[in-house]
Amino acid sequence: MYAVVDVKDKQFKVREDDTLYVPYHSEADADQELTLDRVLLVSDGDGDVTLGTPTVEDASVEARVLEHVKGDKVIVFKKKRRKRYRVKRGHRQQYTQIQIESLNLNGASAPSETAAEETEAEDASEEPEPGDTEDAPDEPEASAEPEAPETNPDEA
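For what it's worth, the working numbering labels the leading residue of the sequence shown as 544, then goes sequentially.
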């Protein structure tokens with residue numbers, strides 16, 4: 544079973560007991576519980592997939608903050624030739640390491656049978672009957688042979 548969650552506008556595919564690095568959560572301390580409510584997709588082990596519009600209702604992911612870490616250093620080097628201008632700067636992005644505790648899928652199973660029956664009834668009412676010709680054009684059918692121009696033999 545897995546889920547796709549949105550954490551600070553980035554999507555992650557998560558399973559139970561996964562450890563992953565998400566964008567920095569300044570409000571979360573180490574060893575604190577997080578609830579991720581923006582669940583975009585849920586799949587159980589049987590291959591049934593529930594896709595949210597935009598999120599799956601009543602689904603959430605429980606996670607625990609392990610620590611706050613910094614990523615690898617990215618070097619930014621600026622230079623203007625012949626002007627003796629050189630600037631070297633480094634940047635380390637901050638991340639929060641979390642561990643997925645559980646996937647709560649309350650009501651995230653397949654849609655109910657009544658909802659499926661309602662959509663079938665709507666589809667059936669919209670389809671026209673096979674013999675229904677209300678929308679057919681009123682043009683006469685074209686004949687297979689082209690018509691010859693009428694000429695009067697006396698005029699020639």
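Backbone N, C-alpha and C fix where the C-beta goes; we use that ideal spot for every residue, glycine too.
Proximity of the segment 603-612 to the segment 632-645 meets the contact definition, three or more beta-carbon pairs being nearer than 8 angstroms.
Here L583 really is in contact with V547; their C-beta atoms are around 5 angstroms apart, less than 8 angstroms.
With a contact defined as Cβ atoms closer than 8 angstroms, G633 and K616 qualify at about 5 angstroms. The segment 546-627 contains, as complete beta strand (DSSP E) runs of 3+ residues, the segments 553-557, 562-566, 576-579, 582-586, 592-594 and 602-623 (chain order). Taking the CA atoms as reference points, R558 sits about 7 angstroms from M544. Here T694 carries a coil assignment [DSSP, helix/strand/coil]. Scanning G590, K551, V612 and K631 for the CA closest to the CA of R581 turns up K551. Comparing C-alpha distances from N649 to each of V585, D572 and Q575 shows the shortest one belongs to V585. For the pair T562 and R629, the Cα-to-Cα distance works out to about 40 angstroms.
Considering only V565, P597, T694 and E570, the residue with the shortest C-alpha distance to G614 is V565.
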